[in-house]
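There are 2 protein chains.
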Amino acid sequence: MTKLRSDETVTMQSVAVAAGVSPMTVSNTFRYPERVQEETRQRVLKIAAELGYIPNHAAGNLASGQSRVIGAVIPSIKNSSFYNYVRGMQDHVATEGYQLILKLADTLSQEASAIRTFVGLRVAGIALVGDEHESDVKTLLRKTGVPVVESWVHENPFDMAVGYSTSDATRVITELLIERGYRRIGFVGYQGDVSSRFTERVPTFKQSMEKAGLDSYRIFLVDQADGFGAGPKALEGLCAIDPDLDAIVCPTDIVAAGVLFECGRRGWKVPERLAIAGWGDYEIASEITPGLTTVQPHSYEMGQRAMSLIIERAAGSGATGMMVDTGFHIVKRASA
Amino acid sequence: MTKLRSDETVTMQSVAVAAGVSPMTVSNTFRYPERVQEETRQRVLKIAAELGYIPNHAAGNLASGQSRVIGAVIPSIKNSSFYNYVRGMQDHVATEGYQLILKLADTLSQEASAIRTFVGLRVAGIALVGDEHESDVKTLLRKTGVPVVESWVHENPFDMAVGYSTSDATRVITELLIERGYRRIGFVGYQGDVSSRFTERVPTFKQSMEKAGLDSYRIFLVDQADGFGAGPKALEGLCAIDPDLDAIVCPTDIVAAGVLFECGRRGWKVPERLAIAGWGDYEIASEITPGLTTVQPHSYEMGQRAMSLIIERAAGSGATGMMVDTGFHIVKRASA
DNA sequence: TCGGCGTTTTGTAGCGCTACAATATTCTGT
DNA sequence: ACAGAATATTGTAGCGCTACAAAACGCCGA
């Protein structure tokens, strides 16, 4: 439809004519302002604004082989866990003159399709979550050489990575519960084909428990898609294993909140009857009563660093294999 | 960086050579498969896959003036209200061979920047939320003629719109409370520069109350950024107006949940002491106890219809001014 | 006044792809 | 076996922009 009336399409050419300069000067005005004399630049900018000129990114990208758009694949916006991550990315790219576009993908094959779109768009870089990807797209990404950063990944980056150790965090939060006197601690994990940032927690939990001389068999897996609903299921499942359960470690604050709501229904006091630990420090963690003790990953910083890694590489500096650990901290509230 | 080793870049040309056909046949294989003989197509597809060829969308877009990428601007992913909307969009475009990319924008100027990026990318269409946009970008959008659909908008579309009447919904939920015997009903609104899909509720609330012969002065405004925290503030504010408040209408389920948590802290029974109505039917509405009575907008359908409007226009049919009402329904739960 | 230098501006060519028209190939029916 | 239609494939040209090299301009001191 843009083509229907090509006489109306505002192109760099038409701006150039209107401003009485060559197209190259218009191009330079936008891409390398310092190469153009102040006076000329102002004139071009003014004319461009009057005409409503928007550079055709597709053409620029084609001609230069460069792009100032970065693509990020986000697993889900169902809960707020990626909110700060996205905000960090967005804020950072804005300061560098880049643009961020997002695609949502709940499954590996959706992720693959999203990556293909981004590659087709010839973006300057791609941010992914987690370290599990279809092998086809790995080959593809290798071949194109586009900078890729994996977030929430702590080791063995595909290209570059930024994250924290979920294993360390699991250990720290488990030890906190033990230290506070809880002994019959249950662990809730996700079942099915989930990211290693979840699966690697189970062995660490077991290890931490055993190191303290405690039983580590109270483990129950729930479906990641269940959201709050996973809470009641998990509680029921763990009580079937041990009715005298005294604490529970949840994979996210959403599940933890679900458990808390279920405790309410059962008339169980938290943390007296059952202590609850969450993960992610979602907004709800601080709003419900009692507040949730939870793991706070530095998601905002993660988003920022993810973008800076990509931008460095796009700008020529930076190297493959880069790894940034953004750490985490435990937020202690009343639930545990 | 893609250019560093141009001998390694897989282009349509290189696929054509490897498959022993002309570039046009490769192009047709991807864009108009029916124009290419089955046998030839299979061969080209096979070679393309082996070489890891991904069509350069930037080049295709430039040459054809068409794009199969649609951009959507989402106000926030902080809560789940847009989850189903995005899912509806994503599912629909997938069936039509389009791709959806997202940009987040919390403010009008961020929205404007997002729109500029999309226009620069020459997307096939743009989906926005709400009907308030910077006048500059309105001019720009008018000029480029790109199909634009506004969601959550019920009248006077800029180009096309899909939504439901928040005014009708306000009336229905207020009448429900009245019908159930509540008389001292308070209304929570958002203050500041918020979308008309929020502001238009206040007059309807007043009108509904007055029509029933009830007082309509119990109105309190909270900051949209406050999330759950807005609940306690709103409750406090409304109690200052009328300590005997018996029901409360919230702008979102998040605020309603915040109110509910605050009631828990105060030891108030819901709905005996205070009835609570939410908005949006977020996941949390069905998970907390008591469940929230709330307005369920058909967000998923809204997303689907938004995309179908754009795709129809991109495909040549469809007209400006189209409006789709996706309706809403009230989910009755225990809170009111 | 003029060569020489740095700054600013401008042709030229081509990025990878697709619309379109033209050509080549295959398939009808007689 | 062959005209004519239908189908399949292929040149040509150009989309809007930018890298690069070449040209034009302005300014200085001699």
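Top to bottom, those sequences are chains A and B.
Heads up: the first sequence begins at 1 in the UniProt record's numbering, then just goes up one per residue.
Heads up: the second sequence begins at 1 in the UniProt record's numbering, then just goes up one per residue.
Here a beta-carbon is modelled for each residue, glycine too, at the ideal position from N, C-alpha and C.
Unbroken alpha helix (DSSP H) runs of no fewer than 4 residues, entirely contained in the segment 7 to 61 of chain A, are found at 12 to 19, 23 to 31 and 38 to 51, following chain order. In this structure, valine 249 of chain A lies away from phenylalanine 220 of chain A, with their beta-carbon atoms at least 8 Å apart. Counting of Cβ neighbours within 10 angstroms places glutamate 150 of chain A among the buried residues, the total reaching 16 or more. For histidine 57 of chain A, at least one C-beta of chain B is nearer than 8 Å to its own C-beta. In this structure, the beta-carbon distance from valine 93 of chain B to leucine 100 of chain B falls below 8 Å. Proximity of valine 86 of chain B to chain A, defined by a Cβ-Cβ separation below 8 Å, is satisfied.
Shown here, glutamate 175 of chain B sits in a helix according to DSSP, grouped into three states.
Note that the C-beta distance between asparagine 61 of chain A and glycine 303 of chain A is not below 8 Å. The C-alpha of threonine 9 of chain B lies about 14 Å from the C-alpha of alanine 16 of chain B. Contacts with chain A at 8 Å (Cβ-Cβ) include lysine 103 of chain B. Separation of glycine 145 of chain B and isoleucine 330 of chain B (C-alpha to C-alpha, rounded to the nearest whole angstrom) is 37 Å. Taking a cut-off of 8 Å for Cβ pairs, the segment 160 to 178 of chain A and the segment 195 to 214 of chain A touch, as three or more such pairs fall below it. C-alpha of glutamine 13 of chain A to C-alpha of valine 69 of chain A: approximately 24 Å in a straight line. For isoleucine 54 of chain A, the neighbours in chain B by C-beta distance under 8 Å run, in chain order, Arg116, Val119, Gly120, Leu140 and Thr144. For phenylalanine 30 of chain B, there are no C-beta contacts with chain A under 8 Å, since the nearest C-beta of that chain is about 11 Å from it. Within the segment 224 to 240 of chain A, Gly227, Phe228 and Gly229 place their CB atoms closer than 7 Å to a CB of chain B, listed in sequence order. Beta bridge pairing from DSSP links phenylalanine 220 of chain A with A/Val188. Between glutamate 287 of chain A and chain B, the shortest Cβ-Cβ separation is below 8 Å. For a Cβ distance threshold of 8 Å, residue set Asn56, Ala58, Ala59 and Leu62 of chain B lies close to leucine 62 of chain A, ordered along the chain.
Distance from the CA atom of serine 195 of chain B to the CA atom of isoleucine 284 of chain B, rounded to whole angstroms, is 23 Å. Residue-level contact by beta carbon fails for phenylalanine 187 of chain A and chain B, as no gap is shorter than 8 Å. For glutamine 90 of chain A, the C-beta contacts it makes with chain B under 7 Å involve Leu104, in order along the chain. Legend: CB atoms of the segment 271 to 285 of chain B lying less than 8 Å from CB atoms of chain A belong to residues Glu283 and Ile284. Here valine 255 of chain A is near valine 188 of chain A, since their CB atoms are less than 8 Å apart. Using beta-carbon distances, arginine 265 of chain A counts as an interface residue toward chain B, with a partner under 8 Å. Listed as beta-bridge partners of phenylalanine 328 of chain B by DSSP are B/Pro297. Considering only B/Glu301, B/Val295 and B/Ala275, the residue with the shortest C-alpha distance to threonine 289 of chain B is B/Ala275.
Going by beta carbons, phenylalanine 30 of chain B and proline 55 of chain B fall inside the 8 Å limit. In this structure, DSSP gives leucine 102 of chain B an extended state, which the three-state scheme calls strand.
Using beta-carbon distances, phenylalanine 328 of chain B does not count as an interface residue toward chain A, since no partner is under 8 Å.
Remark: C-beta atoms of leucine 292 of chain B and histidine 57 of chain A do not approach each other more closely than 8 Å. At a cut-off of 8 Å between beta-carbon atoms, glutamine 99 of chain A makes contact with chain B. In the DSSP assignment, methionine 322 of chain B falls outside any beta strand (DSSP E), carrying neither H nor E. Residues of chain B whose Cβ lies closer than 9 Å to the Cβ of glycine 258 of chain A are, in chain order, Glu287. Here proline 271 of chain B is actually not in contact with serine 208 of chain B; their C-beta atoms are around 19 Å apart, not less than 8 Å. Burial is judged here by how many other beta carbons sit within 10 angstroms of a residue's own beta carbon; aspartate 253 of chain A has at least 16 and is buried.
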